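This report refers to the structure that appears directly beneath it.
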Amino acid sequence: MKMTKIDYGNLDNLPWQFVREGITRKVFGMGAENINVTINKVENGNEKNPHTHELNEQIALILEGECDYYVDGVPYRMTKGSWITVPAGVEHYIEVYDSPVPVLNMDIFYPLREEYNESYGKFIENYRK
Numbered sequence: 055m056k057m058t059k060i061d062y063g064n065l066d067n068l069p070w071q072f073v074r075e076g077i078t079r080k081v082f083g084m085g086a087e088n089i090n091v092t093i094n095k096v097e098n099g100n101e102k103n104p105h106t107h108e109l110n111e112q113i114a115l116i117l118e119g120e121c122d123y124y125v126d127g128v129p130y131r132m133t134k135g136s137w138i139t140v141p142a143g144v145e146h147y148i149e150v151y152d153s154p155v156p157v158l159n160m161d162i163f164y165p166l167r168e169e170y171n172e173s174y175g176k177f178i179e180n181y182r183k
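Adding 54 to a residue's 1-based position in the sequence shown gives its number in our numbering.
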């Protein structure tokens, strides 16, 4: 499918959604048909969550801060500007333990994670009430 809807906004106007201890996120560009983009704020001592996405490839880009990003059991030291690709079905997680600022990372998923759009869409509806 092709994207048919133009989606426009400013990240500064989006609220942070609680994900789990030490992690909040913003989901944007929800009009895209095939990809998701999220901005995650990850605090020192975040709850680690090793997981896989069976269908989704992922690119993670660190916008601020420092972390270890584990992919297939291997830690990669990430700093501002670092990026990493995560193949579908491969275990990964982020660990933040000594960052001078909260880590901001952008995640791009293909194909899109519909549950992210649904969850954040409902969160926005309730937030605006």
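All C-beta atoms, glycine included, are put in the ideal place defined by N, C-alpha and C.
If you're wondering where the values come from, they're calculated on a predicted model, not measured in any experiment.
Helix, strand or coil at residue i according to DSSP, with G and I counted as helix
| i | result |
| --- | --- |
| Asp-126 | coil |
| Tyr-62 | coil |
| Glu-97 | coil |
| Arg-182 | helix |
| Asn-90 | strand |
Bridge-paired residues (DSSP) for residue i
| i | result |
| --- | --- |
| Val-155 | In DSSP, Val-155 forms no bridge with anything. |
| Phe-10 | Past the edges of the chain, shown from 55 to 183, lies residue 10, and the structure says nothing about it. |
Rounded distance between the beta-carbons of residue j and residue i, thought under 8 Å
| i | j | result |
| --- | --- | --- |
| Val-157 | Glu-101 | Between Glu-101 and Val-157 the Cβ distance is about 14 Å, and since that is not below 8 Å, they are no contact. |
| Tyr-170 | Thr-92 | 6 Å |
| Asn-94 | Leu-166 | The Cβ separation is near 16 Å, so there is no contact. |
Continuous beta strand (DSSP E) stretch holding residue i: start and end
| i | result |
| --- | --- |
| Leu-117 | 111 to 118 |
| Trp-70 | Premise fails: Trp-70 is in no beta strand (DSSP E) and is neither H nor E. |
| Arg-79 | 77 to 82 |
Residues of its chain near residue i, where Cβ-Cβ distance is below 8 Å and the 5 sequence neighbours each way are ignored
| i | result |
| --- | --- |
| Pro-104 | Tyr-124, Glu-145, His-146, Tyr-147 |
| Asn-98 | Gly-76, Val-150, Tyr-151, Asp-152, Ser-153, Pro-156 |
Cut-off 6 Å between Cβ atoms - residues of its own chain near residue i, not counting five sequence neighbours on either side
| i | result |
| --- | --- |
| Pro-129 | Asp-122 |
| Met-132 | Ile-116, Cys-121, Tyr-123 |
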